[in-house]
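Count the sequence shown with this note's numbering and you get residues 18 to 301, in order. Ideal placement from N, C-alpha and C gives every residue a C-beta, glycine not left out. A short worksheet on the structure shown next.
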Amino acid sequence: MTASLHIDLLRTFHTVVRIGKFSAAAALLHKSPAAISTHIQRLEAVAGGQLLQRDNQSVRLTALGKRLLHSTTELLRAHDRALADLHGTDYVGRVALGVPDEYATQVIEEILPTFSHAWPNVVLELKLGPSNQLKAWTQRGELQVAVIVQPQGETYPDAQLLMATTPVWVGAAHRRVAQEDPVPLAVYAEPCVYRKAMAASLDASGRRSRIVLESHSSQAVKACVEAGLAISLIDRGKISRRMQILDEMPAIPDHHILLIRSAAARDDEIVALLAQTIQQMFRL
């Protein structure tokens, strides 16, 4: 019998990789952790080897897992586009979506084109901003849906968990400026959840700091870190080859990446379709 790659098993695999934890993936997919493990085992049987290395903190892809992830990403997208086509393209409307700058590239290049292909008569408006500002705009109804980051444990009505993320201190791979006193920082302009976490962490450890760069741009913060001018806080999944994790810096609590809606949009079918697309495709 010819082996087959089942979409449900691939969906589970991609979700575990995207979120980084079996328990969080189980909650997102409305399955038990045991069911998630079974899906991965069944997929490994088809693939012919181990796909994931798992510890108490996170999961890591094996070489075979990386190959499977790369080769099946477009397969899942094609499946979702085909399913969306079957549901029809007769939705007409306008949706205002808010996204933090650091996640904008993936949303613009991958998620929005998929949604627009499936529902071409829906006009999308994208607005970038820090999470606290996006939350305020959504609460006022200026945005219908938004992606935000907030500390684990904080709640928002009817929020959908996209993934948990572990922010880490990073510096340039070729320089160690974290020992400087005061420590140089590259930070996002206020209001910023990670900037607040950085300040609280440094205050608790008694470290002095100075701001080298303050910017709304994630690319500017990244460039400043990679150039060895400052350190900063980013999602673990966004570390580049020109960065290194600064283990000597105080640990930062996990945060959640959430999808939230305005009160008026909670029963909106078009917003629900966009939310579903984001939840299926969002990654770091």
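DSSP, read as helix, strand or coil, puts Arg283 in coil. By DSSP's assignment, Trp136 forms no beta bridge with any residue. Cβ neighbours of Gly170 within its own chain (closer than 7 Å, five residues either side excluded): none.
Distances from the alpha-carbon of Ala135 to those of Ala95, Ile248, Glu207 put Ala95 closest. Judged by their CB atoms, Ala221 and Pro267 are nearer to each other than the 8 Å cut-off. If you draw a 10 Å sphere on the C-beta of Arg212, you find 16 or more other C-beta atoms in it, and that means buried.
In the DSSP assignment, Arg71 falls within the unbroken beta strand (DSSP E) covering 69–71.
Just so you know, the alpha carbons of Pro174 and Ile277 end up roughly 8 Å apart. Between Glu159 and His56, the alpha-carbon positions lie close to 41 Å from each other. With fewer than 16 other beta carbons inside 10 angstroms of its own, Thr122 counts as exposed.
The beta carbon of Ala244 lies closer than 7 Å to those of Ala189 in the same chain, with the five residues before and after it left out. For the pair Glu126 and Pro147, the Cα-to-Cα distance works out to about 20 Å.
Assigned with DSSP and collapsed to three states, Gly254 falls in helix. Secondary structure note for Tyr211: its alpha helix (DSSP H) is the uninterrupted segment 210–222. The beta carbon of Ile251 lies closer than 6 Å to those of Val187 in the same chain, with the five residues before and after it left out. Residue nearest to Leu46 within the set Pro168, Met180, Pro270 is Met180 (criterion: CA-CA distance). Residue nearest to Val210 within the set Asp118, Arg59, Ile262 is Asp118 (criterion: CA-CA distance). Sixteen is the threshold: when 16 or more other Cβ atoms of the shown chains lie within 10 Å of the Cβ of Glu61, as they do, the residue is buried. Look at Tyr120 here: in three-state DSSP terms it is helix. Three or more pairs of CB atoms, one per stretch, sit closer than 8 Å, so the segment 36–44 contacts the segment 67–78.
Here Lys83 is exposed, its C-beta having fewer than 16 other C-beta atoms within 10 Å. Exposure of Ser49 is indicated by the presence of fewer than 16 other C-beta atoms within 10 angstroms of its C-beta. Annotated three-state conformation of Leu22 is coil, per DSSP. Its chain contains Trp136, Asn138, Val139, Glu286, Ile287, Leu290 as the residues whose beta carbon lies nearer than 8 Å to that of Tyr108, once the 5 sequence neighbours on both sides are disregarded; these appear in chain order. Distances from the alpha-carbon of Asp264 to those of Ile24, Ala195, Val229 put Ala195 closest. When only Cα atoms are considered, Ile248 and Val185 end up about 10 Å apart. DSSP places Val76 within a strand segment (E or B) once states are collapsed to three.
Shown here for Thr89: same chain residues with a beta carbon closer than 6 Å to its own, the five before and five after excluded, namely Leu27 in chain order.
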